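Numbering-wise (numbering that gives the first Met the number 0), the sequence shown opens with residue 0 and increments by one. Just so it is clear, CB atoms sit at the ideal spot from N, CA and C, and this is done for glycine as well. A quick note: this is a predicted structure, and the numbers were derived from the prediction, not measured.
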Amino acid sequence: MKRIIRHMILLAFLVIAFVFTNPILAGEPPPPPPPGSEGDQPGGGGASIGGGLLVLLSLSAGYGLKKLYDARRKLDE
């Protein structure tokens, strides 16, 4: 019984500590946009997708080649 009470007190302490320290760790809001800029800019801004697209296509081609290799190997058996 003492063990359960000790665990409950520890759990309550951790929950209370998290609840009270969470607002302290919150960062400041972002600064307002500079004057003269558009208000509804896209989320990513001008980020390019070229590098990520190349990685995705390379991994897809590798996966397809592995599936083809496994299928041919299974036919040979």
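- Rounded to whole angstroms, the separation of the alpha carbons of residue 9 and residue 20 is 16 Å.
- A direct Cα-to-Cα measurement between residue 15 and residue 7 gives close to 12 Å.
- Look at residue 7 here: in three-state DSSP terms it is helix.
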